[in-house]
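Quick mapping for you: the protein sequence lines, in order, are chains L and F. With positions in the first sequence counted from 1, the corresponding number in this note's numbering is that position plus 1396. With positions in the second sequence counted from 1, the corresponding number in this note's numbering is that position plus 1396. Glycine included, every Cβ here is placed at the ideal spot set by N, Cα and C. Accompanying notes for the structure given below.
There are 2 protein chains.
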Amino acid sequence: MPRAIFEGIYRDLKGKIQEGSYAYQEFLPPESTLTEEYGCSRNALRRALSMLADDAYVQPMHGRGVRVIWQRKDHSTQGVLEGVESFGEYARRNGLEPSTSVKSFEHVVCSAGLAHRTGFAEGTELLRVVRVRSLDGVARQVDHDYFLASAAPGLTAEVAEESVYSFLEERLGMRILTSRRSITVQLATDEDCSYLELGPYNCVAVVESQSYNSDGVMFEYTQVRHHPDAFCFNTVSRR
Amino acid sequence: MPRAIFEGIYRDLKGKIQEGSYAYQEFLPPESTLTEEYGCSRNALRRALSMLADDAYVQPMHGRGVRVIWQRKDHSTQGVLEGVESFGEYARRNGLEPSTSVKSFEHVVCSAGLAHRTGFAEGTELLRVVRVRSLDGVARQVDHDYFLASAAPGLTAEVAEESVYSFLEERLGMRILTSRRSITVQLATDEDCSYLELGPYNCVAVVESQSYNSDGVMFEYTQVRHHPDAFCFNTVSRR
DNA sequence: GCCGATTTGTCCGTATGTATC
DNA sequence: CGATACATACGGACAAATCGG
């Protein structure tokens, strides 16, 4: 486990905040003290603090100190999307049993309209996959995935039934590093209604995302249509 | 304008990418070249690059180079929420005429239920404001704001009719630095329907946010209920 | 109001590690 | 293997904001 120093400090401080060693609204010890405690350089420590600030765990104040702004029960942490996370990882984190049903699996060539929607270049060979994903047997979302065919050799419907991400990462050694997302609300289509038990809702939450692998190549465009009851997206903004 | 070196480089590079000096999928010059061009240290340059990576403008690749992954017409930039942005800033950026109608303005004391929902401490004095916000005369969203009364002295219904943020920032010298958000989809309430012309939709996009000022004090909890047609939230994830 | 101590913010130069070519 | 390029880490310096006497 080759872990960077700043990452170790980051995790340690994060844990201490979560367990209450540093309480909500309290100030962390000054940088000078922490660098001594961790026996590291100021740069390494400051990088860890900066990551905690990105997570909205702390807020540094010029000339004053670093205040903890994380609080437990920050709304329940269940049923929440975070960062770049696959469906399976999400299920595991919430203690639910995931299952997937592949509804469609085909090769397509990227049309002009599709190019505009997805960001793939026109004429590119793509793999189109439609899947319904359930947790504990209840259908929660419909995935419409487009994979760059050249980047996913050996991807089959059987694989898609399991986890595409673990296939890409473990089999092909690909890493997903960056993902651009947009969230909208749309009227449910007949297809949505046939797959999801929408109950009183006539809308779904739609997350479109473009994902880039470690080569800086966009290899996936996904539109995920979520059941409103099974959708909560958390994020932090700073300026 | 006291601007940090890394920020100047960040803006310069960002502009060059947007105007096409560095094209999509192209590699930036290596760090060594860029530090020479900008006459700065490697640290300053790397910080700028790191910010561009956070914006999904570039993707650094170990041992290879830094590739541009931003592309123009990354879906239209209209009608899009970004970062910590007020309604007025958003309207101006999209060339629309904002207007606001205050529906309610009252002092309340934070109850146990409200404390759990908002994250304010029970018993805190709050200012509750309900506003309907329109663009070019069309109602787009209903805001339910709770402000920490002690942090917003002099806030009146008349001020709320204009911009609360510019009041807080310009009058009180407060800065909003960090904001935690969650996005969900909920059934429209009778109130939603009475304010927004929802048409075929029976749902709204709900953005809840907790905002912290420069003192690290949570001074605002907001629940904004958006018309589905007027809602698009963009974000970037990395891991 | 001033001054000095404390604390965070920015910046630099350098060294070493590691992945890619 | 060597050259290139990004990643991590250290130590030192000065600036800027805050606070207390």
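(request) Could you check the C-alpha separation between F:Q1582 and L:A1545 for me, to the nearest Å? (result) Taking C-alpha positions only, F:Q1582 is separated from L:A1545 by approximately 37 angstroms.
(message) On the DSSP bridge list, what partners appear for L:S1610?
(response) BP columns for L:S1610 are empty, so no partner.
(request) Tell whether a beta-carbon distance below 8 angstroms holds between L:F1563 and L:F1615. (result) Contact flag unset, no.
(message) Does L:E1557 come out as helix, strand or coil in the three-state DSSP assignment?
(response) Of the three classes helix, strand and coil, the one that applies to L:E1557 here is helix, per DSSP.
(message) Just to confirm the assignment, what range does the beta strand (DSSP E) spanning F:F1543 have?
(response) F:F1543 -> beta strand (DSSP E) spans V1534 to L1544.
(message) Check this for me: beta carbons of L:Y1418 and L:M1447, under 8 angstroms apart or not?
(response) Contact flag unset, no.
(request) Count the other C-beta atoms from every protein chain shown that fall within 10 angstroms of the C-beta of L:A1556, then say buried if there are 16 or more, exposed otherwise. (result) The Cβ neighbour count for L:A1556, taken over all protein chains shown within 10 Å, is at least 16; the residue is labelled buried.
(request) Check whether the Cβ atoms of F:H1372 and F:Q1537 lie closer than 8 angstroms to each other. (result) Any property of residue 1372 of chain F remains undetermined from this structure, which presents chain F solely from 1397 to 1635.
(message) Can you give me the C-alpha to C-alpha distance between L:V1602 and L:E1433, rounded to a whole angstrom?
(response) Going by C-alpha positions, L:V1602 is about 46 angstroms away from L:E1433.
(message) Considering just the uninterrupted stretch of the alpha helix (DSSP H) at F:C1566, what are its terminal residues?
(response) Note on identity: in this sequence residue 1566 of chain F is Glu, with Cys being the wrong assignment. That residue, F:E1566, is in no alpha helix (DSSP H); it is neither H nor E in DSSP.
(request) Compare the C-beta of F:L1424 with all C-beta atoms of chain L and state if any pair is closer than 8 angstroms. (result) No, its Cβ sits nowhere closer than 8 angstroms to a Cβ of chain L.
(request) Measure from the C-beta of F:T1631 to each C-beta in chain L and report whether the shortest distance is under 8 angstroms. (result) Closer than 8 angstroms: yes.
(message) Check whether chain L comes within 8 angstroms of F:T1520, counting only Cβ atoms and requiring the distance to be less than that.
(response) For F:T1520, the answer is no, since every Cβ of chain L falls outside 8 angstroms of its Cβ.
(request) Return the first residue and the last residue of the alpha helix (DSSP H) that F:N1587 is part of. (result) The sequence given here places Glu at residue 1587 of chain F; Asn does not occur at that position. Per DSSP, F:E1587 belongs to the alpha helix (DSSP H) from D1586 to Y1591.
(request) Tell me whether L:N1598 sits in a helix, a strand or coil according to DSSP, three-state version. (result) Residue state, collapsed to three classes: coil.
(request) For L:S1590, I'd like the list of residues in its chain whose CB is within less than 8 angstroms of its CB, leaving aside the five on either flank, ordered along the chain. (result) There are no such residues.
(message) Using a 10 Å radius around the Cβ and a threshold of 16 neighbouring Cβ atoms, would you call L:T1580 buried or exposed?
(response) Result: buried.
(request) Could you tell me whether the Cβ atoms of F:T1431 and F:L1441 are closer together than 8 angstroms? (result) Cβ atoms of F:T1431 and F:L1441: closer than 8 angstroms.
(message) Check for me: the beta strand (DSSP E) holding L:Y1512 runs from which residue to which?
(response) A small correction: the amino acid at residue 1512 of chain L is His; Tyr does not occupy that position in the sequence shown. The continuous stretches of beta strand (DSSP E) do not include L:H1512, which lies in the alpha helix (DSSP H) extending over residues A1508 to T1514.
(request) Using a cut-off of 8 angstroms between C-beta atoms, extract the partners of L:Y1597 located in chain F. (result) The CB of L:Y1597 comes closer than 8 angstroms to the CB of V1581, L1583, N1598 and C1599 in chain F, given here in chain order.
(request) Determine the direct distance from the alpha carbon of L:F1402 to that of L:Q1421, and round the result to whole angstroms. (result) If you take the alpha carbons of L:Q1421 and L:F1402, they lie about 23 angstroms apart.
(request) Name, in chain order, the residues that DSSP records as bridge partners for F:M1447. (result) F:M1447 is not bridged to any residue.
(request) Take the Cβ of L:D1586 as the centre, count every other Cβ of all protein chains shown within 10 Å, and call the residue buried at 16 or more, exposed below. (result) Counting Cβ neighbours within 10 Å, L:D1586 comes out exposed, since fewer than 16 surround it.
(request) Mind checking which residues open and close the alpha helix (DSSP H) that includes L:R1468? (result) Boundaries for L:R1468: no alpha helix (DSSP H) harbours it, and the DSSP string shows neither H nor E there.
(message) Once DSSP output is grouped into helix, strand and coil, what is the label at F:G1411?
(response) Helix at F:G1411.
(message) If you measure between the beta carbons of L:L1523 and L:A1548, is that distance less than 8 angstroms?
(response) Yes, they are a contact pair.
(request) In the DSSP assignment, find the beta strand (DSSP E) that holds F:L1430 and state where it starts and stops. (result) Premise fails: F:L1430 lies in the alpha helix (DSSP H), E1427 to Y1434, not in any beta strand (DSSP E).
(message) Going by DSSP, what residue range makes up the beta strand (DSSP E) through L:E1521?
(response) DSSP places L:E1521 inside the beta strand (DSSP E), whose first and last residues are E1521 to L1531.
(message) I need the straight-line Cα distance from L:I1572 to L:E1485, nearest angstrom please.
(response) Near 14 angstroms, if we compare the C-alpha coordinates of L:E1485 and L:I1572.
(request) On a CA-only basis, which of F:F1483, F:C1628 and F:R1463 is nearest F:K1410? Give me that one, please. (result) The candidate whose alpha carbon is nearest that of F:K1410 is F:R1463.
(request) Apply the 10 Å Cβ neighbour rule to L:E1566 and answer buried if 16 or more other Cβ atoms are within range, or exposed otherwise. (result) L:E1566 sits exposed, since fewer than 16 C-beta atoms from the chains shown fall within 10 Å of its C-beta.
(message) Bridge partners for F:R1634 per DSSP, in chain order?
(response) According to DSSP, F:R1634 bridges with L:T1574.
(request) Within 10 angstroms of the Cβ of L:Q1606, are there 16 or more other Cβ atoms? Answer buried if so, exposed if not. (result) It counts as buried.
(request) Determine the extent of the alpha helix (DSSP H) in which F:F1483 is found, giving its start and end residues. (result) The continuous alpha helix (DSSP H) containing F:F1483 extends over residues F1483 to R1489.
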